Every structure is written in C-alpha cells, then in structure tokens.
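2 protein chains.
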Amino acid sequence: MSDKERWQAAERLALALTEGGLQRMSARALAVFLFTDAETVTMGDIADRLGVSAGSVSGAVKALLSVGLIERLPAPGSRREHYRLRDNAWPTLFSTQNTVVRVMLQAAETGIATTASGDPAHERLMRMRDFYQFLLRELPGLLQRWEQEQHPARHSGRGTQPA
Amino acid sequence: MSDKERWQAAERLALALTEGGLQRMSARALAVFLFTDAETVTMGDIADRLGVSAGSVSGAVKALLSVGLIERLPAPGSRREHYRLRDNAWPTLFSTQNTVVRVMLQAAETGIATTASGDPAHERLMRMRDFYQFLLRELPGLLQRWEQEQHPARHSGRGTQPA
DNA sequence: GCCAAAGTTCGGAAATTTCTGAAGTCTTCC
DNA sequence: GGAAGACTTCAGAAATTTCCGAACTTTGGC
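Taken in sequence, the protein lines are chains A and B. My numbering numbers the first residue of the first sequence as 102 and each following residue consecutively. My numbering numbers the first residue of the second sequence as 102 and each following residue consecutively.
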C-alpha cells in the first residue's frame, strides 16, 4: 500500500516539475529516476514503470541528459545502457532558471536602450533590470552556500568532487 | 524605428515569461504594462496594442491581478478601468516559484515516508529534500537583501556600498 | 558475418491549451 | 431611467503540444 502512495508522490512530483518548465514526459521519467529502488535504471525500466512507448522514453532521456540531470553509466559490456540521477541534479535544475533570468535582463536592457530617460517605460525597465541583475549576482553565492553545507567544515581548501 | 525594436523586445520578454510559467496571453499583457509609455493602461489599450480580442485581455488581466503583478487604480469616475504594474512586481513574480518549491519538498517527504532507511530511493529523496529545504530557508533572505538595496542606508548606521 | 535485442527517429493521431466572437451584465452619463 | 460603452463569460474553433507505433540504425553476442 505504501508503494502505491510512493508512486503517487512520484506523479505529483512530475506535475510540479512540469510547472517548473520540464516537458511532461521528461518530468515523469525524472520522477522514476528519483523514486526507483534500483541504483540505476534502463530505458526499458522506465517504459515499463510508466507504461509508455520506447520512443517516448528515448526522447525524455535524451532531454534529461542534455540538461545534465542524469548520466549514462560506463556500461560494463552490457546490452542495455544504464542511467542514474546525477549527484548535483537539484542545483543543476535550479540553475537552468538562470537562463530565463538572462533573457529577462536582455529584454529589459533592449527596452531601456529604446526609450528616453524620464519616460515611464524607461523607469519601469530600469527597475526591472536592477532586480534581475541583483538575482544574477546573488544566485551563484546561494549555490556555493549549498555546496558548503554539503561538505561540512573540511579545510577551507578545494572541495571534494561529488562523483 | 527604435519603437519597433522596443516592441520586439517586449515580445521576447513575453516569451521568457512564458518559459517561466505564465500563460501566453498574460505574459504578452504584462509586457505591455512594462513597455508602454503611459503611466497606466486600459484593457482597450492592451487589446489594441496586441491585436487580440477583448475577451482574451479580460482573462489575462484577471490572472495578472490574482498573482499581484498589476493593480487596478482607484478610478476617478472614469468609464474605463485603469491598471498599472505594481511596484514590487518582480519580487512577487520570483516568489511564486516558492510554491513550486513547496510541492517538490512535499513530494520528497512523502517518498521518504514510504521507503526504508538505506534504500537507494530513500537516500536520493533525502538529498532532494535537503536541497529544497535549503532553498526555502534562503529565498526569504534573498528578497530581504533586495528590499534593503532599494531603501539605501536609512539609519542602519553602516555605510552600504554595494558592488 | 549474421542474428537479435536496444535504442532512435519521425509522421501522424490524440489530447490539451489557447483564443476568439457573440451574448450577457454592469456602470456611467445625460 | 434609458442608452451606450466597458467588461465578463463561455462554447466552440484553431493551434500547439504530446505521444504512440512502426520502420530504421546501432550494438553486442555467437
């Protein structure tokens, strides 16, 4: 019974990921990577679990690889390719939003360049630009703080690489 | 000519906002609120500018109001309602992502509750939970820092000198 | 070298989202 | 208090997204 709840939670997560910008099928596949009991999964596993076609899984896995959320394992001469969630998947996912921030910033700057100082639009666009510049300044530090919490108080030297 | 560039920038912004989770029409309307030269706009202005129906504008404005990105002005006995971008529109927009974060956190916790300690899934879900808990802790402070930059050095005694 | 299984690609169907247009409601002005 | 303009609502059309399934390519085993 708790297994059913578990995959319900997985589907809810997939929904949230979709809200966050992922394609539907990519989101569902990512949920499998998270909630599966196995260390690694194959495309067949995902297709099986979700009850979808191999073609859909292929596209979803490709997309997840391209954004760095999962990785292909150095396959030990197996027929099937094995994949797993990358260690830093969540910071990576969070960081993809930076590209949205950059586009917003760019749009604001273009707008500023095409309006005269003193125009209401000019003022609004400058406020917008300031905010997204602020975000772009702050986000890297945020992720650094996360890294530090992960590697508690070693020497302050270079962090250990997460596999 | 630079006016054309300007509205092109507006449409690009709308695209980015769509990526960020807004409905298409709401995104385009918000772009109008930003790039218009007027202090306030009416629904008719928006419909005119975007070349869409009054019905579409009505829905878009309603959505933007509900998330607090725009406000209706206390109309001085006018026939048309006037609206404008709210001052804190950008922090507000950014904050809406918190709800996504909360859903992710919730899904992780449900998953944790349905797996045994030691299971690979259990480990993965705990890492995920930790990350989103971290975000939820950090984001309020981030917005506070923004507020402080906006109201420079009231009587805090310390000379703020941002980068 | 040949077979079989795994993975990829892509055209088209299905489902979902999005917008319009027309009818209805409310408000202001005279 | 009647008329006209502004706004809302909603059913259906249009457009976009999403997924499947079948044909094709690649890889590993013998």
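Note that the Cβ used here is the ideal one computed from N, Cα and C, for glycine as well. As the structure is a prediction and not an experimental result, all values here were calculated from the model.
Could you give the DSSP three-state label for residue i: helix, strand or coil?
i: A/Arg181; result: coil
i: B/Val142; result: strand
i: B/Ala217; result: coil
i: B/Asn91; result: The question about residue 91 of chain B has no answer here: the residues shown for chain B are numbered 102 through 264.
i: A/Gln245; result: helix
i: A/Gln198; result: helix
i: A/Val162; result: helix
i: B/Leu131; result: helix
i: B/His223; result: helix
i: A/Gly49; result: Nothing can be reported for residue 49 of chain A, as the shown portion of chain A is limited to 102 through 264.
i: B/Gln124; result: coil
How big is the Cα-Cα spacing for residue i and residue j?
i: B/Ser157; j: B/Arg150; result: 13 Å
i: B/Pro221; j: B/Pro241; result: 32 Å
i: B/Phe235; j: A/Thr211; result: 35 Å
i: B/Leu174; j: B/His252; result: 24 Å
i: B/Asp146; j: B/Met227; result: 50 Å
i: B/Leu114; j: A/Glu248; result: 32 Å
i: A/Trp191; j: B/Glu182; result: 44 Å
i: B/Gly152; j: B/Arg129; result: 11 Å
i: A/Trp108; j: B/Leu237; result: 24 Å
i: A/Glu112; j: B/Tyr233; result: 18 Å
i: A/Ala132; j: A/Thr119; result: 11 Å
i: B/Val142; j: A/Leu116; result: 35 Å
Between the Cα of residue i and the Cα atoms of the options, which residue gives the shortest distance?
i: B/Lys105; options: A/Thr119, A/Val142, A/Thr216 and A/Thr141; result: A/Thr216
i: B/Ser167; options: B/Leu244, B/Ser103 and B/Leu123; result: B/Leu123
i: B/Gln207; options: B/Met229, B/Gly219, B/Arg187 and B/Asn189; result: B/Met229
i: B/Arg125; options: B/Ala155, B/Glu140, B/Ala164 and B/Ala139; result: B/Ala164
Consider the Cβ of residue i: report whether some Cβ of chain A lies at a distance smaller than 9 Å.
i: B/Pro192; result: yes
i: B/Leu118; result: yes
i: B/Asp149; result: no
i: B/Val162; result: no
i: B/Tyr184; result: no
i: B/Pro241; result: no
i: B/Gly198; result: It is worth fixing the name first, because residue 198 of chain B is Gln in this sequence and not Gly. True, the Cβ-Cβ gap to chain A drops below 9 Å.
i: B/Thr137; result: yes
i: B/Leu170; result: no
i: B/Leu226; result: yes
i: B/Ser54; result: Residue 54 of chain B is absent from the model: chain B starts at 102 and stops at 264.
i: B/Thr143; result: no
i: B/Leu236; result: yes
Can you tell me which residues form a DSSP beta bridge with residue i?
i: A/Arg173; result: A/Tyr184
Distance cutoff 9 Å, beta carbons only. Does residue i sit that close to anything in chain B?
i: A/Ser167; result: no
i: A/Gly146; result: For clarity, residue 146 of chain A is Asp in the given sequence; the question names Gly instead. Not one chain B Cβ lies under 9 Å of A/Asp146.
i: A/Arg125; result: no
i: A/Ala264; result: With a pLDDT of only 44 at A/Ala264, under the threshold of 50, the placement of this residue in the model should not be trusted; the figure read from the coordinates follows. For A/Ala264, the answer is no, since every Cβ of chain B falls outside 9 Å of its Cβ.
i: A/Leu114; result: yes
i: A/Ala209; result: yes
i: A/Arg107; result: yes
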